[in-house]
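Numbering (the numbering used here), first residue to last: 12 to 105.
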């Protein structure tokens, strides 16, 4: 027994379950409401971080989709110009 005030909280970025935490008996006994407030803040922080991560992933996915569509349009346009150039080079001179 150290008699210290100790609170440790951890959350793995891909974990499905809640925050893993330890709160020393002394801290729970001497500041129960504050400990509850701190843990609520930790849960809110983790939720915000997860949401931000999903939002960033969604944003990147949309950007990738848009860039792929742009790439495919450019490829089609390039093929059209190549076909036109090839047809022009094989036509009899006027």
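Even glycine gets a Cβ: it sits at the ideal position worked out from N, Cα and C. On a predicted model such as this, the values are computed, not experimentally measured, just so you know.
>> Please report the distance separating the alpha-carbon of residue 82 from that of residue 52.
In response: 44 Å
>> I need the boundaries of the alpha helix (DSSP H) containing residue 18, first residue and last residue.
In response: Residue 18 -> not in any alpha helix (DSSP H); beta strand (DSSP E) instead, spanning 18-21.
> On the three-state DSSP scale, how would you describe residue 109?
Replying inline: Here the chain has residues from 12 to 105 only, and residue 109 is not among them.
> Counting along the chain, where does the beta strand (DSSP E) carrying residue 112 start and finish?
Replying inline: Since the first residue shown for the chain is 12 and the last is 105, residue 112 is missing from the structure and cannot be characterised.
> Excluding the five sequence neighbours on either side, which residues of its own chain have a C-beta within less than 6 Å of the C-beta of residue 34, listed in chain order?
Replying inline: 18, 46
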